[in-house]
Amino acid sequence: MKRRHFLAACAAALAAASPALRAQDRIVKIIVPFAPGGSADLIPRIIAQAMSEHLGETVIVENRAGAGGAVGTLQVARAAPDGLTLGVATVSTHAIQPAVAARPAYDPLQGFAPISNLASVPNIISVNPKIPVDSIAALTQLARNGGRELTYGSPGVGSLGHMMGELLAQATGAPLRHVPYRGAGPALQDTIAGHVDMLCDNLPASMPHVQEGRLRALAIAWPSRNPQLPAVPTFAEIGIPRLNDPAWFGLVAPAGTPPELVARLQAAAASALRRADIAARLAELGAVAQGSTAADFAGQIRAELEKWRQVARAAHISLEA
Numbered sequence: 252m253k254r255r256h257f258l259a260a261c262a263a264a265l266a267a268a269s270p271a272l273r274a275q276d277r278i279v280k281i282i283v284p285f286a287p288g289g290s291a292d293l294i295p296r297i298i299a300q301a302m303s304e305h306l307g308e309t310v311i312v313e314n315r316a317g318a319g320g321a322v323g324t325l326q327v328a329r330a331a332p333d334g335l336t337l338g339v340a341t342v343s344t345h346a347i348q349p350a351v352a353a354r355p356a357y358d359p360l361q362g363f364a365p366i367s368n369l370a371s372v373p374n375i376i377s378v379n380p381k382i383p384v385d386s387i388a389a390l391t392q393l394a395r396n397g398g399r400e401l402t403y404g405s406p407g408v409g410s411l412g413h414m415m416g417e418l419l420a421q422a423t424g425a426p427l428r429h430v431p432y433r434g435a436g437p438a439l440q441d442t443i444a445g446h447v448d449m450l451c452d453n454l455p456a457s458m459p460h461v462q463e464g465r466l467r468a469l470a471i472a473w474p475s476r477n478p479q480l481p482a483v484p485t486f487a488e489i490g491i492p493r494l495n496d497p498a499w500f501g502l503v504a505p506a507g508t509p510p511e512l513v514a515r516l517q518a519a520a521a522s523a524l525r526r527a528d529i530a531a532r533l534a535e536l537g538a539v540a541q542g543s544t545a546a547d548f549a550g551q552i553r554a555e556l557e558k559w560r561q562v563a564r565a566a567h568i569s570l571e572a
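For this note's numbering, count along the sequence shown from 1 and bump the result up by 251.
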């Protein structure tokens, strides 16, 4: 009899404990659709531990690179909508790639439940210092009347750098020739070496070279001027507001994720982004903590997608997989 009572008590204790154990042992996975080391990888890694503390669950980051971000992003879209698989969304994965693909692998609007914008990074257009211009207006004039074709490098066809150059050409009427590279590093180095004239890139990568005179900055994509480059205007200041949107990095879940789970994850991200230590670590990357509601982030994705679709249509860009 006593043995039966003991076993029953043990079973009851295990049954009572198992929900708590399941909650504590839940693993939330953030899929980064790019290789380790870039901003899209480092930003969620900085935030993951703070989110874990808020949720009371383990949050890990996994890289699933391939096809310009499509492989990992598609994995997120196909995951169960249980709040355990999230993805890093960027302007490339959720706006540019779907805009330029002839047959997109996923629907950036219907395939995901946006959670929050996490951080933004300024973009910049700079030239090799041998190019005799110090403004976008002068660059445009040189491109039209300089007697030779001006070139710009980017990490590849359909990249943010490529599309920034296309938008600049459309906005100013300047004839610019795109030179695609296999990655941002080679494009940067060839601009410094003078093999191409200009570069559309993120500010953290270009900043050391601008400060040391290897590149000359012409304009920056950010709401205000950068304190370290006070003489460089924003694109909005020079009359090209469509180029003034910075690069952004956010969190999404698969479509169909219950609203209460989205709200819980958004609250965890917001809690992390309010921390001074998190903001400081992001600043070391050249990123600025953002945070947003799920609805605001959805609107941001929608607006960016439409903008880059217009640019792609005007430039007749339609890429096969």
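Don't be surprised by glycine CBs; every beta carbon is placed ideally from N, CA and C. Owing to the predicted nature of the structure, the values given are computational and were not obtained by experimental measurement.
- Distance check between residue 305 and each of 517, 568 and 558 places 517 closest, using alpha-carbon atoms only.
- Using a Cβ distance threshold of 8 Å, residue 351 and residue 556 do not count as a contacting pair.
- Residue environment: residue 505 is assigned as buried (16 or more neighbouring CB atoms within 10 Å of its CB, all protein chains considered).
- With a threshold of 16 other beta carbon atoms within 10 Å, residue 467 meets it and is buried.
- By the beta-carbon neighbour count (other beta carbons within 10 angstroms, threshold 16), residue 396 is exposed.
- In the three-state reduction of the DSSP assignment, residue 391 falls in the helix class, which pools H, G and I.
- Excluding its 5 nearest sequence neighbours in each direction, residue 483 has C-beta neighbours in its own chain below 6 Å: 468 and 471, listed in chain order.
- In this structure, residue 311 sits near residue 299, with a CB-CB distance shorter than 8 Å.
- Comparing alpha-carbon positions, the option among 333, 319, 318 and 337 lying closest to residue 327 turns out to be 337.
- Counting other Cβ atoms within 10 Å of its Cβ, residue 496 reaches 16 or more and is therefore classed as buried.
- Counting C-beta pairs closer than 8 Å gives three or more between the segment 541-549 and the segment 362-372, which meets the contact rule.
- Excluding residues up to 5 positions away in sequence, 308, 310 and 335 lie with their Cβ nearer than 6 Å to the Cβ of residue 279 in the same chain.
- Put simply, of 444, 409, 526 and 463 the residue whose alpha carbon is nearest the alpha carbon of residue 349 is 409.
- Counting only the Cα atoms, residue 554 lies some 22 Å from residue 521.
- Contact check for residue 402 against residue 357 fails: the beta carbons are separated by 8 Å or more.
- In the three-state reduction of the DSSP assignment, residue 323 falls in the helix class.
- Straight across, the Cα-Cα distance linking residue 332 with residue 509 is about 7 Å.
- Ranking 566, 565 and 536 by CA distance to the CA of residue 373 puts 536 first.
- When secondary structure is reduced to three states using DSSP, residue 396 falls in the helix class.
- In the three-state DSSP reduction, residue 446 falls in the coil class, being neither helix nor strand.
- Remark: three or more beta-carbon pairs, one from each stretch, lie closer than 8 Å, so the segment 525-540 and the segment 370-385 are flagged as touching.
- Distances from the alpha-carbon of residue 502 to those of 523, 560, 492 and 488 put 523 closest.
- Taking 8 Å as the cut-off, the Cβ atoms of residue 382 and residue 448 count as close.
- Put simply, the backbone Cα of residue 344 is about 28 Å away from that of residue 489.
- Residue 298 sits in a helix when the DSSP states are folded into three classes.
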